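First up is the structure itself, then whatever we jot down about it.
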Amino acid sequence: MARNMTTVQNANSIRFGSAKFEVGEDESSLIDLGAMRGIVFEESWDEVKVMSDNAGVIRVGINNHMAAIEGELMEINIATLANIRGGIDTLSNITAAPANVTGESVKLIGNKQRRLAYRNGAGTIVTAVTVKKGATTLVEGDDYALAVDSAGYTVISRVTGGTIADGDTVAVAYTYTPISAVKLLSGGLSTFKPRVARITNYDEQNKKFQITVFKATPESGLNITFPEADGEDPAMTPIRMSGTLDTNRAVGEQLFEIYDEQGAV
């Protein structure tokens, strides 16, 4: 029978599950890439050795210190791909004809924002808005307020002291312009804008184990592989973000950060 060579030193440092892969212009604007397979973090360098004639190796160091995060992207979202590719593409939306909504019922409670059912493709506030309570046409700013939420939907809320009582239902008419397609054009731009790349693993207590590469660019171009017609897997593309030193950061902190809540004792 085999003998145990050691015991578990810290059970919280054993990692389970996959990770979330995010990329953005900076740490405050990271975009979740969505469903992926095979997410991997890798660090690499070239070893430097200085040899002497009579005392062997007298110095060991490293050059070309790099880090990379990679995985197979299952959600092929064109806007996400443009973000990953660091500004070498032109991304544009193709808009459809404007559409009209008449009498969408919205119940307004407190000052809570309520999302309208349809959104402008550009993520802006819908136009030609008319809000009625019964036969009364209400006034924006006095009775209600409009804004845009994080997903680009127009939201409406009641203004305290206005005509709309707490819990009233109003009828909202508006015009929205949806997007019919998204287009990515590439070729002719050759300078990457570096991205921040991050993977985060969460445990059952929602504590995270997180690796952030501060200055990353895509290592290769797109390779979208479509499976056979009756295959179970979706079309996927491999993504590898390769990081180099960010010299704007302090020496010793220029490549990546590992942040661990799970293994803290």
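Quick note on our numbering: the sequence shown kicks off at 34 and runs consecutively.
Even for Gly, the Cβ is constructed at its ideal location relative to N, Cα and C.
What you are looking at is a predicted structure, and each value in this text was computed from that prediction instead of being measured.
- If you draw a straight line from the Cα of G221 to the Cα of A178, it is about 44 Å long.
- Taking the Cα positions, G285 is about 27 Å away from I64.
- Of E55, S85, W78, the smallest CA-CA separation from I72 is found for E55.
- Just measuring C-alpha positions, the residue of D122, A297, I95 sitting nearest D79 is I95.
- For T113, no beta strand (DSSP E) encloses it; the enclosing alpha helix (DSSP H) starts and ends at 111–117.
- In the DSSP annotation of this structure, the continuous segment of the beta strand (DSSP E) that includes I72 starts and ends at 69–84.
- Per DSSP, reduced to three states, the secondary structure at A178 is strand.
- The residues V83, S85, in chain order, have a CB closer than 6 Å to that of I91 in the same chain once the five nearest residues on each side in sequence are set aside.
- For N96, the three-state secondary structure derived from DSSP is strand.
- If only complete runs of 3 or more residues are kept, the region 174–249 shows the beta strand (DSSP E) at 177–181, 187–191, 202–209, 212–219, 228–235, in order along the chain.
- If you check the CB distance, I212 and A129 come in under 8 Å.
- Looking only at L141, E103, A150, the smallest Cα-Cα distance to T193 is reached by L141.
- Here I272 carries a strand assignment [DSSP, helix/strand/coil].
- Taken through DSSP and simplified to helix, strand or coil, V162 comes out as strand.
- Leaving aside the five residues that flank Y235 on each side, the residues in its chain whose CB is nearer than 6 Å to its CB run, in chain order, K241.
- Taking N256 as the centre and dropping the five residues before and after it, the same chain places the C-beta of T270, P271 closer than 8 Å to its C-beta, in chain order.
- Between the alpha carbons of A68 and E108 lies a distance of about 6 Å.
- A distance below 8 Å between beta-carbons, with the five flanking residues on each side excluded, links T258 to the following residues of its chain, in chain order: A268, M269, T270.
- Between the region 242–250 and the region 196–210 there are fewer than three inter-stretch CB-CB distances shorter than 8 Å, so the stretches are not counted as touching.
- Distance from the CA of G195 to the CA of E60, rounded to the nearest whole angstrom, comes to 40 Å.
- In this model, A214 and I189 are separated by some 27 Å (Cα to Cα).
- Pairing G119 with K226 gives a Cβ-Cβ distance under 8 Å.
- The continuous stretches of beta strand (DSSP E) do not include G120, and DSSP gives it neither H nor E.
- DSSP places V134 in the uninterrupted beta strand (DSSP E) bounded by 132–140.
- When the Cα atoms are used, Q287 and V139 turn out to be separated by approximately 50 Å.
- Taking the Cβ atoms as the reference, S275 lies roughly 6 Å from M99, within the contact range of under 8 Å.
- DSSP lists no bridge partner for L288.
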